[in-house]
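Going down the list, the sequences are from chains A and B.
Its first residue numbered 0, the first sequence is counted upward by one per residue in numbering that gives the first Met the number 0.
Its first residue numbered 0, the second sequence is counted upward by one per residue in numbering that gives the first Met the number 0.
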Amino acid sequence: MKVKIDASELGQSKWYEYALRFAFGGTITALAGEIAKHFGPAIGGLFLAFPAILPATATLIADDEKKKKQRAGMNGAIRGRTAAGVDAAGAAMGCIGLIVFALIVWQRLPQSSLAVVLSEATLAWLFTSVAIWLMREKLWRSLAKKLRSSRHPLASAGSHTTPIDRSPDE
Amino acid sequence: MQARVKEIILRVIVGGAVVSAFSVLGTLLKPQSFAGLFGAAPSVALATLVLTVSKDGKAFASTEARSMVLGAIAFAVYACVVSRMLIRRRTPALPTTALTMILWFGCAFGLWYALLS
Numbered sequence: 000m001k002v003k004i005d006a007s008e009l010g011q012s013k014w015y016e017y018a019l020r021f022a023f024g025g026t027i028t029a030l031a032g033e034i035a036k037h038f039g040p041a042i043g044g045l046f047l048a049f050p051a052i053l054p055a056t057a058t059l060i061a062d063d064e065k066k067k068k069q070r071a072g073m074n075g076a077i078r079g080r081t082a083a084g085v086d087a088a089g090a091a092m093g094c095i096g097l098i099v100f101a102l103i104v105w106q107r108l109p110q111s112s113l114a115v116v117l118s119e120a121t122l123a124w125l126f127t128s129v130a131i132w133l134m135r136e137k138l139w140r141s142l143a144k145k146l147r148s149s150r151h152p153l154a155s156a157g158s159h160t161t162p163i164d165r166s167p168d169e
Numbered sequence: 000m001q002a003r004v005k006e007i008i009l010r011v012i013v014g015g016a017v018v019s020a021f022s023v024l025g026t027l028l029k030p031q032s033f034a035g036l037f038g039a040a041p042s043v044a045l046a047t048l049v050l051t052v053s054k055d056g057k058a059f060a061s062t063e064a065r066s067m068v069l070g071a072i073a074f075a076v077y078a079c080v081v082s083r084m085l086i087r088r089r090t091p092a093l094p095t096t097a098l099t100m101i102l103w104f105g106c107a108f109g110l111w112y113a114l115l116s
């Protein structure tokens with residue numbers, strides 16, 4: 000599946016959705032600083048990987064999808080929850096990148112400049128996360144293909160061609 | 000006291016801005032699972048580490064990053080459980096994401112106790 004940029008989503012988001020994310024992000028950042036000050040960096044550091052916006056994002060996605068389906072005359076509650084679940088699955092893959100980010104900062108920061116370390120760590124987060132997402136897509140497609148072939152033996156022989164199964168995202 | 004309040008306000012503004020920027024990036028991207036990667040962006044870490052290094056030094060920030068590894072493992076567990084519950088059990092999003100937060104605290108502090116305390 001191709002990655003696309005869909006700017007129309009920006010216009011559909013309401014101002015309070017952005018405000019909510021700003022408030023969550025700002026509060027967690029301030030809290031992480033205060034916790035580190037009171038309980039030390041070993042405890043405060045845990046909160047650098049706190050799932051700050053996942054609850055807000057998941058709730059907003061579920062509501063948006065539900066409204067879209069309701070406008071089409073359907074009950075979109077299940078669809079909304081599934082979309083939020085798929086978003087959370089993406090976050091789980093991004094967490095592997097987050098672990099790599101933290102490892103690089105932990106090991107490299109004492110010897111190198113902050114700007115260099117943060118740039119390297121952020122790029123490493125992006126590459127790791129995207130690589131894991133691509134591997135999961137490839138694995139999903141090959142599993143779906145095998146499953147289809149086992150159900151329809153002729154499909155694997157090439158005489159019964161159907162499009163490759165879509166990922167559950169679609 | 001005033002300096003401390005100023006620092007907290009600065010953290011709120013910088014943290015809010017960085018988290019919002021990653022969030023907007025996630026909103027722009029499709030499919031949903033790819034956009035979800037940005038739900039685990041190092042946004043809080045980027046905002047915090049810049050301010051921490053300038054105030055408390057690199058050694059302090061490096062210790063924070065060591066603990067962040069454990070926090071990120073806890074985040075992965077949390078996100079997997081949330082995803083599973085929403086997709087398989089079809090539970091409502093807000094209670095699911097809010098209640099399973101206990102899992103993040105349990106994993107993060109459990110790992111910290113086992114490995115770092």
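We put the CB at the ideal spot given by N, CA and C, even for glycine.
- For the C-beta of M0(A), the chain B residues within less than 7 Å are, from N- to C-terminus, P30.
- Distance from G89(A) to G38(B) at the Cβ level is roughly 7 Å; contact confirmed, criterion being Cβ atoms closer than 8 Å.
- Nearest in C-alpha terms to V81(B), of all of T99(B), L24(B), R10(B), T26(B), is T99(B).
- By the Cβ test, the segment 65-81 of chain A is not in contact with the segment 39-53 of chain B, since fewer than three Cβ pairs between them sit closer than 8 Å.
- Sequence-ordered contacts of the segment 70-84 of chain A with chain B read A76, I77, G79, R80, T81, A82, A83, G84 [C-beta pairs closer than 9 Å].
- Residue-level contact check: L122(A) does not touch chain B, since none of the beta carbons of chain B fall below 8 Å from its beta carbon.
- Neighbours of E8(A) across chain B, judged by C-beta separation under 7 Å: T26, L27.
- Only residues of its own chain outside the window of five on either side were considered, and among them L48, T51, V52 have a CB closer than 7 Å to the CB of A60(B), listed in chain order.
- Taking every protein chain shown into account, the CB of L110(B) has 16 or more other CB atoms within 10 angstroms, so this residue is buried.
- The beta carbon of Y77(B) falls within 8 Å of a beta carbon belonging to chain A, placing the residue at that interface.
- For the options D63(A), T26(A), E33(A), the alpha carbon positioned closest to that of G44(A) is the one of E33(A).
- Contact between L36(B) and V76(B) does not hold, since the beta-carbon distance rounds to 17 Å and is not under 8 Å.
- By DSSP's assignment, I4(A) forms a beta bridge with L28(B).
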